[in-house]
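Engineer:
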Amino acid sequence: MKSLLFGPNPRHTAIRVAVLVTSTVVVFGVILLPVRLSGISMEPTYHDGGLNFANRLAFAWRQPARGDVVAIRMAGPSVVYVKRIVGLPGEHLEITMGTVIIDGVPLAEPTVVYKAPWNVSAVTLGRDEYFVIGDNRAMTAENHDFGRATRERIVGKMLF
Amino acid sequence: MRTSGSFYVSVVVALLVAYFSYQWWYNPRRAIKRQLGELAATLSVPADSRGDLDRLARAARLRNYFAPDVHVNMGPSRPGLTSRDVLVGAVAAWNPPAGGWNVTFVDVQISLDSDTTARAYMTVEINSPDPRTGQPEYDAREVRVGMAEQQGAWVITTAEPVETLKRP
Chain X
1007 MKSLLFGPNP
1017 RHTAIRVAVL
1027 VTSTVVVFGV
1037 ILLPVRLSGI
1047 SMEPTYHDGG
1057 LNFANRLAFA
1067 WRQPARGDVV
1077 AIRMAGPSVV
1087 YVKRIVGLPG
1097 EHLEITMGTV
1107 IIDGVPLAEP
1117 TVVYKAPWNV
1127 SAVTLGRDEY
1137 FVIGDNRAMT
1147 AENHDFGRAT
1157 RERIVGKMLF
Chain D
488 MRTSGSFYVS
498 VVVALLVAYF
508 SYQWWYNPRR
518 AIKRQLGELA
528 ATLSVPADSR
538 GDLDRLARAA
548 RLRNYFAPDV
558 HVNMGPSRPG
568 LTSRDVLVGA
578 VAAWNPPAGG
588 WNVTFVDVQI
598 SLDSDTTARA
608 YMTVEINSPD
618 PRTGQPEYDA
628 REVRVGMAEQ
638 QGAWVITTAE
648 PVETLKRP
């Protein structure tokens, strides 16, 4: 009975269990943040109800870049927005008839299928600000959460 | 010597028990968290609770969580509420969704300004079923509240939304 529970070498089994528990705690407590997606603002890239992970170490050695899909925390990491970065610190951004214009140049967005004619007044991003939007631009701008997010709010980059 | 050793161990144990009892019951941060948890439960509406009596009872219970001169900032596009009576009246007049809703406060961060004043910053989660499809709907917003201890209870003195993503 004892060998059935703990294997032929209980000491090795205990080490394996300890390694498994430690690596699980490190991976899911420190490196990856599980995210259950809710809402349609990132369609068609992500679907409502899907499961994903935010890699918290993605920006440990580099800064977030345009096109990255990131998790942006609210008061803490329990609730996050999942959005795509379209504007970087210091850039001048506006949206005219659905087209994002960065420093006067229209931005190519292959992940956006349909662009409703949004108009967003021009803004110059601060030194630690990123402009984020979801991929679903078919919805009205009023029903879509988007805007400037400070660097410290960006928890990590979506893994898948 | 043995008696003396037991005495010291007993003193240490008693101090530890006192410390953890204080942490559990009398720590202001814990008291505020408990109060906010009870407020979230009061703001939640069960699916079968739509009667006027339930609504008025809920509004009356809310008085316990707010200071008489509470100031609630509703955002730049809406007028604020400047007293507890106005706030309770607004809640009493409001009809909850047919399927009810569940309110929870998560990631609650509390900072004490003094023995009797504090600030709390948190995410408010609201879960409710869509009245037409029955599918769960979800919303979350950041809120910052000021609190004060009045007559032995922590009450909210100010509340304001925090914009996670700032629109131009």
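Protein sequences appear in the order of chains X and D. Position in the first sequence (from 1) plus 1006 gives the number in the working numbering. Position in the second sequence (from 1) plus 487 gives the number in the working numbering. Virtual Cβ for every residue (Gly too), placed ideally from N, Cα, C. Quantities reported herein were computed from a predicted structural model and do not represent experimental measurements.
Quick one: is the Cβ of Arg1159 of chain X within less than 7 Å of any heavy atom of the ligand NAD?
Structural biologist: This structure lacks the ligand NAD; in fact it carries no ligand of any kind.
Engineer: What residue range is occupied by the uninterrupted alpha helix (DSSP H) comprising Asp556 of chain D?
Structural biologist: Segment 553–559 is the beta strand (DSSP E) holding Asp556 of chain D; no alpha helix (DSSP H) there.
Engineer: Could you say which of X:Pro1050, X:Ala1144, X:Lys1121 lies nearest to Gly1104 of chain X if we only look at CA atoms?
Structural biologist: Ranking X:Pro1050, X:Ala1144, X:Lys1121 by Cα distance to Gly1104 of chain X puts X:Lys1121 first.
Engineer: Would the beta-carbon of Pro1095 of chain X fall within 8 Å of that of Arg1133 of chain X?
Structural biologist: In contact: Pro1095 of chain X and Arg1133 of chain X (Cβ atoms closer than 8 Å).
Engineer: Can you pull the chain X residues whose beta carbon is under 8 Å from the beta carbon of Val593 of chain D, in chain order?
Structural biologist: Under the 8 Å cutoff, chain X gives Ala1081, Gly1082, Ser1084, Val1085.
Engineer: Taking the beta strand (DSSP E) that Lys520 of chain D falls in, what are its first and last residues?
Structural biologist: It is not in any beta strand (DSSP E) - Lys520 of chain D instead sits in the alpha helix (DSSP H) that spans 515–530.
Engineer: Any beta-carbon of chain X closer than 8 Å to the one on Leu652 of chain D?
Structural biologist: Taking Cβ atoms only, chain X reaches closer than 8 Å to Leu652 of chain D, which makes this a yes.
Engineer: Are any of the Cβ atoms in chain D nearer than 8 Å to that of Asp1151 of chain X?
Structural biologist: Answer yes: the Cβ-Cβ gap between Asp1151 of chain X and chain D drops below 8 Å somewhere.
Engineer: Who are the near neighbours of Ile1037 of chain X in its chain, counting only those whose CB is closer than 8 Å to its CB and skipping five residues on each side?
Structural biologist: Same-chain partners within the cutoff: Asn1061, Arg1062, Leu1063.
Engineer: Could you check where the alpha helix (DSSP H) with Asp572 of chain D kicks off and where it finishes?
Structural biologist: Run containing Asp572 of chain D: 571–580, per the alpha helix (DSSP H) assignment.
Engineer: Sort D:Ala527, D:Gln622, D:Val630, D:Glu629 by Cα distance to Phe1045 of chain X and report the nearest one.
Structural biologist: Here residue 1045 of chain X turns out to be Gly, not Phe, going by the sequence shown. Cα-wise, what sits closest to Gly1045 of chain X is D:Gln622.
Engineer: Taking Cβ to Cβ, would you say Phe592 of chain D is nearer than 8 Å to Val575 of chain D?
Structural biologist: Cβ distance not < 8 Å, so Phe592 of chain D and Val575 of chain D don't count as in contact.
Engineer: Would the region 1111–1126 of chain X count as touching the region 492–511 of chain D if we require 3 or more Cβ pairs under 8 Å?
Structural biologist: Flag = no, the region 1111–1126 of chain X and the region 492–511 of chain D do not touch.
Engineer: Pull up the distance between the alpha-carbon of Arg1079 of chain X and that of Pro1016 of chain X, whole angstroms please.
Structural biologist: So the two alpha carbons sit approximately 43 Å from each other.
Engineer: Is the separation between the beta-carbon of Gly1162 of chain X and that of Asp594 of chain D shorter than 8 Å?
Structural biologist: No, they are not a contact pair.
Engineer: Should Leu540 of chain D go down as buried or exposed, given a rule of 16 or more other Cβ atoms within 10 Å for buried?
Structural biologist: Exposed.
Engineer: If contacts are defined as beta-carbon pairs under 8 Å, then Leu1039 of chain X and Phe1059 of chain X qualify, I think. What distance do you get, rounded to the angstrom?
Structural biologist: Leu1039 of chain X to Phe1059 of chain X, Cβ: 6 Å. Contact.
Engineer: Pick from D:Tyr495, D:Gly639, D:Thr620, D:Ala635: whose alpha carbon is nearest that of Val557 of chain D?
Structural biologist: The candidate whose alpha carbon is nearest that of Val557 of chain D is D:Ala635.
Engineer: So, at 7 Å on beta carbons, what are the nonlocal neighbours of Thr651 of chain D in its own chain, with the 5 sequence-adjacent residues on each side left out?
Structural biologist: Excluding sequence neighbours, Thr651 of chain D sits near Glu629.
Engineer: On a Cα-Cα basis, can you pick out the residue from D:Arg631, D:Gly586, D:Thr644 that is closest to Arg619 of chain D?
Structural biologist: Per the Cα distances, D:Gly586.
Engineer: Would you please verify whether the beta carbon of Tyr509 of chain D is less than 8 Å from any beta carbon of chain X?
Structural biologist: By this cut-off, Tyr509 of chain D is not an interface position.
Engineer: Can you list the residues of chain X that Gln596 of chain D reaches, using a CB-CB cut of under 9 Å?
Structural biologist: Those are Ala1081, Gly1082, listed as they occur along chain X.
Engineer: For the alpha helix (DSSP H) that Ser615 of chain D lies in, which residues bound it at each end?
Structural biologist: Where Ser615 of chain D is concerned, there is no enclosing alpha helix (DSSP H), although the beta strand (DSSP E) it sits in stretches over 604–616.
Engineer: Around the Cβ of Phe552 of chain D, are there at least 16 other Cβ atoms within 10 angstroms (buried) or fewer (exposed)?
Structural biologist: The identity of residue 552 of chain D in the sequence shown is Tyr, whereas the question assumes Phe. The residue is buried, with at least 16 neighbouring Cβ atoms inside 10 Å.
Engineer: Return the bridge partner residues of His1098 of chain X from the DSSP annotation.
Structural biologist: Paired residue(s): X:Thr1130.
Engineer: Is the CB of Ile1091 of chain X under 8 Å away from at least one CB in chain D?
Structural biologist: It does not: the Cβ of Ile1091 of chain X has no partner Cβ on chain D nearer than 8 Å.
Engineer: Checking the sheet assignment: what are the DSSP bridge partners for Leu1057 of chain X?
Structural biologist: Answer is X:Arg1042.
Engineer: By the criterion of Cβ-Cβ separation under 9 Å, what are the contact partners of Val1041 of chain X in chain D?
Structural biologist: What Val1041 of chain X touches in chain D: nothing, since even the nearest Cβ is about 13 Å away.
Engineer: In its own chain, which residues sit with a C-beta less than 6 Å from the C-beta of Pro1112 of chain X, not counting the 5 before and 5 after it?
Structural biologist: If we look at Pro1112 of chain X and ignore the five residues flanking it on each side, its Cβ neighbours are Thr1105.
Engineer: Once you ignore the five residues that flank Ala1147 of chain X on each side, which residues in its own chain have a CB closer than 6 Å to its CB?
Structural biologist: Once the five neighbours on either side are set aside, the close Cβ partners of Ala1147 of chain X are Trp1124.
Engineer: In chain X, which residues lie with their C-beta within 8 Å of the C-beta of Ala627 of chain D?
Structural biologist: Near Ala627 of chain D (Cβ distances below 8 Å), the residues of chain X are Met1080, Val1085.
Engineer: Please report whether the beta-carbon of Val1126 of chain X lies at a distance below 8 Å from any beta-carbon of chain D.
Structural biologist: Interface residue, yes.
Engineer: Look at Ala554 of chain D and Thr644 of chain D and say whether their C-beta atoms are less than 8 Å apart.
Structural biologist: Going by C-beta atoms, Ala554 of chain D is nearer than 8 Å to Thr644 of chain D.
Engineer: What is the DSSP secondary structure of Pro583 of chain D, counted as helix, strand or coil?
Structural biologist: Three-state result, Pro583 of chain D: coil.
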